[in-house]
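S.K.: Residue 262 in the UniProt record's numbering sits at position 262 of the sequence shown; the count goes up by one each step and never skips.
The structure under discussion is supplied below as structure tokens; questions concerning it will follow.
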Amino acid sequence: MIFTDVFFSASNSNTDNLVQLVDSQTNEDVNFKRITSWIDGTAMDDTKVDHIIYRKKIVGGNPFYYVRTDVTAGDLDVRIFGVKADDINDDTSALQAAFNTACKLGLNILLPAGIMKTTQGLLLDFSWQGTVKNRIRIIGKGLGNSVIKNYGPTSIPLFIKGPSDPSRPPYFSVGDLTITKPEGETRYGVGLLIQDFIGAEVNNIEISNYDIGFQLVNVCNAQISFLISKYCNYGMYNERTKNPEGFTYPNLLNFQNCTFLGNVKFGAVIISGHAVKFDSCGFEGNFGVGLQFTFAGYNGREALSLINNYFEGNANHDIYFETSSMTALSLISNTFNKSIIGRVSDVVVNNLSNDQVHMSSLSNSFGHSATYIPSASSKNILYMGDPSKFYLLNNDMHQSSLES
């Protein structure tokens, strides 16, 4: 068998229509097919040669163009760009080259098992897409198997930037990946930032030891499931940019089976959100507020829904909800378990406006550990504001009558 670097060298004169080769980077079998047109159907020329997927050779003074046939199925294995994933070699340049090519060609990005050492941030920018506007997925081999370990200092180890026109979204998904940094480094940067998207999917991602673990900026209509963000300052921080002004507030966000664990300041923060749901998520052991949510009345009145979530061991409130406009929120079948003596109220609703707040609090359990001492100063639900504006529908279980 012939290696790819040999076949495309000046000394090789083979111009067969289909050739079976061995990839010089991965040592795996690969086929190349001779072509005359690029992925979008336009005529092939030197400007479309990337030397990895689309390649060129000169024989007898004539150009011959070839394409890797495995990539035409829509998936790009980053190893063909030289990614080693051995936690020794710096994979930054190879990963970035793969990201750039995948974005240009509209290909899914396949990450290998192993630890991909990076020393700079990685950027997947959908505004670079030209004639090929496909949905792109970043697909790893699972938590702890595909690992991006950033040795920094890097502000954003993985930045997914939306298209220049968010009204025509390509959509995007990322899954089965761990993002972390070496032990002992200070918490800085954002582990995974997704910005300027209508439509995004995040599944089975673990992030640890950053200032902000996971961040959505100017994003709506997103599904986030099995996200683990731990040991950061902020497990999650979602917002709309002010300067320049982003095109959307955080809304139509669905968090399912996510975990916000042991974060120093907040488990999760959402600024000026609406139509946001948390379902079967855990907020545990955060040294500040478990979930902080602000509502400002933009584009809808239903602010927040919480269903079947678990709150325990948060040093401050489990939930702090602040509104400056008329709104509604619902808490259904959630578990609140106090374990820190002298801790503040579980759920705080702070009404900064003169408008109505409608809250459904149904079948939640407000309990405490065996060592916790109930106090009348620590309420299960604490409302701050004009009491005549608060409409509460409630049939919760309260283990302590002092705190109900």
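Glycine is no exception: its CB is placed at the ideal position from the N, C-alpha and C atoms.
1. Would you give the residue range spanned by the alpha helix (DSSP H) that S93 belongs to?
2. Helix, strand or coil for D46 per DSSP?
3. Take every Cβ of the segment 215-226, pair it with every Cβ of the segment 188-200, and state whether three or more of those distances are shorter than 8 Å.
4. Which runs of the beta strand (DSSP E), 3 residues or longer, sit entirely within the segment 111-185?
5. State the DSSP-derived secondary structure class of P387, mapped to helix, strand or coil.
6. Taking V174 as the reference, give the member of S146, L105, S404, Y298 with the closest Cα.
7. Pull up the DSSP beta-bridge partners for K57, would you.
8. In the DSSP output, which residue or residues are listed as bridge partners for H368?
9. Within the same chain, show all residues whose beta-carbon is closer than 8 Å to that of I1, passing over the 5 residues directly before and after it, in chain order.
10. Just curious, the alpha helix (DSSP H) that V6 is in, first and last residue?
11. Under the rule that 16 or more other beta-carbon atoms within 10 Å means buried, what is P166, buried or exposed?
12. May I ask you to verify whether the segment 241-248 touches the segment 269-286, counting CB pairs closer than 8 Å and requiring at least 3?
13. With a floor of 3 residues, list each beta strand (DSSP E) that falls wholly inside the segment 290-323, ordered by position along the chain.
14. Just checking my contact of F287 with V264 at CB under 8 Å: how many whole Å lie between their CB atoms?
15. Would you call S378 buried or exposed, if buried means 16 or more other Cβ atoms sit within 10 Å of its Cβ?
16. Which whole-angstrom value describes the C-beta separation of N350 and D386, a residue pair presumed to lie in contact below a C-beta threshold of 8 Å?
17. By how many angstroms is the C-alpha of D125 removed from the C-alpha of S164?
18. What whole-angstrom Cβ distance do K277 and F260 have, given they're in contact under 8 Å?
19. Would N203 and I224 be called neighbours here (beta carbons separated by less than 9 Å)?
20. I need the straight-line Cα distance from Y372 to E312, nearest angstrom please.
21. Select from Y310, G60, T26 the residue whose C-alpha is nearest the C-alpha of A85.
22. Tell me, which residues are paired with Y237 by DSSP?
23. Judging by CA-CA distance, which residue of I58, S401, G246, G342 is the nearest neighbour of G162?
24. Identify every residue that forms a DSSP beta bridge with C220.
25. Out of D46, I381, I35, which one is the CA nearest neighbour of S360?
26. For A328, which of helix, strand or coil comes out of DSSP?
27. Please classify T15 as buried or exposed, where buried requires at least 16 other C-beta atoms within 10 Å of its C-beta.
28. Find out if the Cβ-Cβ distance for the pair I52, A97 is shorter than 9 Å.
29. The beta strand (DSSP E) with Q20 in it runs from where to where?
30. For R34, which beta-bridge partners are listed by DSSP?
31. With distance defined between alpha-carbon atoms, name the residue in S330, P250, L352, A315 nearest to N394.
32. Ignore the nearest five residues each way along the sequence and tell me which others in D318's own chain have a CB closer than 8 Å to its CB.
33. Classify V269: buried if its beta carbon has 16 or more other beta carbons within 10 angstroms, exposed otherwise.
34. Who does residue 453 pair with in a DSSP beta bridge?
35. For F260, name the three-state secondary structure that DSSP assigns.
M.R.: Based on what the coordinates show:
1. Within the sequence shown, residue 93 is the residue found at index 93, counting from 1. 92-105 is the span of the alpha helix (DSSP H), which, as asked, contains S93.
2. Taking the sequence shown and counting its residues from 1, one reaches residue 46 at position 46. DSSP places D46 in helix when its eight states are reduced to three.
3. yes
4. 114-118, 122-125, 136-139, 146-150, 158-161, 172-180
5. Numbered from its first residue, the sequence shown carries residue 387 at position 387. Looking at P387 - three-state DSSP - the assignment turns out to be helix.
6. Reading the sequence shown from its first residue, position 174 is the one you call residue 174. Selected option, being the one with the closest Cα: S146.
7. Here the question's residue 57 lines up with position 57 in the sequence shown. DSSP output for K57 lists F64 as bridge partner(s).
8. As a first step, residue 368 is located in the sequence shown; it is residue number 368 there, counting from the start. H368 pairs with K338.
9. The sequence position of residue 1 within the sequence shown is 1, counting from 1. Reading off the sequence, residue 1 comes out as Met, not Ile. These residues qualify, in order along the chain: Q20, L21, V22, D29.
10. Taking the sequence shown and counting its residues from 1, one reaches residue 6 at position 6. 4-7 is the span of the alpha helix (DSSP H), which, as asked, contains V6.
11. Your numbering for residue 166 matches position 166 in the sequence shown. Buried, by the Cβ-count rule.
12. As far as the Cβ criterion goes, the segment 241-248 does not touch the segment 269-286, which means the pair count is below three.
13. 302-307, 310-312, 319-323
14. Along the sequence shown, one-based indexing puts residue 287 at 287. Along the sequence shown, one-based indexing puts residue 264 at 264. The pair is a contact, with the Cβ atoms about 5 Å apart (cut-off 8 Å).
15. Along the sequence shown, one-based indexing puts residue 378 at 378. With 16 or more Cβ atoms within 10 Å of its Cβ, S378 is classed as buried.
16. Here residue 350 refers to the residue found at position 350 of the sequence shown. Here residue 386 refers to the residue found at position 386 of the sequence shown. The Cβ separation is near 12 Å, so there is no contact.
17. Here residue 164 corresponds to residue number 164 of the sequence shown, with the count starting at 1. Here residue 125 corresponds to residue number 125 of the sequence shown, with the count starting at 1. Their backbone Cα atoms lie some 9 Å apart in a straight line.
18. As a working mapping, residue 277 is identified with position 277 in the sequence shown. As a working mapping, residue 260 is identified with position 260 in the sequence shown. About 15 Å separates the two Cβ atoms, so there is no contact after all.
19. Within the sequence shown, the letter at position 203 stands for residue 203. Within the sequence shown, the letter at position 224 stands for residue 224. Yes. Within cutoff.
20. In the sequence shown, counting from the first residue as 1, residue 372 sits at position 372. In the sequence shown, counting from the first residue as 1, residue 312 sits at position 312. Spanning the two alpha carbons is a distance of roughly 12 Å.
21. Position 85 of the sequence shown, counted from the start, is the residue given in the question as residue 85. Considering only alpha carbons, the answer is T26.
22. Against the sequence shown, residue 237 aligns to sequence position 237. The partner list for Y237 (beta bridge, DSSP) reads V269.
23. Counting from 1 along the sequence shown, the entry for residue 162 is found at position 162. Minimum Cα distance to G162 is reached at G246.
24. As a working note, residue 220 is residue 220 in the sequence shown. Paired residues: I198, N251.
25. Here the question's residue 360 lines up with position 360 in the sequence shown. Among D46, I381, I35, the Cα nearest to that of S360 belongs to I381.
26. Taking the first residue of the sequence shown as position 1, residue 328 is located at position 328. Correct three-state label for A328: strand.
27. Working through the sequence shown from its first residue, we reach residue 15 at position 15. Classification of T15: exposed, given that the 10 Å Cβ count is below 16.
28. Here residue 52 corresponds to residue number 52 of the sequence shown, with the count starting at 1. Here residue 97 corresponds to residue number 97 of the sequence shown, with the count starting at 1. In this structure, A97 lies closer than 9 Å to I52 by Cβ.
29. Counted from its first residue, the sequence shown places residue 20 at position 20. Judged by DSSP secondary structure, Q20 falls within the beta strand (DSSP E) whose first and last residues are 18-22.
30. Position 34 of the sequence shown, counting from 1, holds the residue named residue 34. R34 is bridged to Y66.
31. Position 394 of the sequence shown, counting from 1, holds the residue named residue 394. Comparing Cα-Cα distances from N394 to each of S330, P250, L352, A315, the minimum goes to S330.
32. Walking along the sequence shown from the start, residue 318 turns up at place 318. Correct list, in chain order: F283, V289, G290, L291, F311, F336, D346, V347.
33. Taking the sequence shown and counting its residues from 1, the one referred to as residue 269 is at position 269. Burial call: buried.
34. Because the chain in this structure spans residues 1 to 404, residue 453 falls outside the shown range and cannot be described.
35. As a first step, residue 260 must be located in the sequence shown, where it is residue number 260. In this structure, F260 counts as strand in the three-state DSSP scheme.
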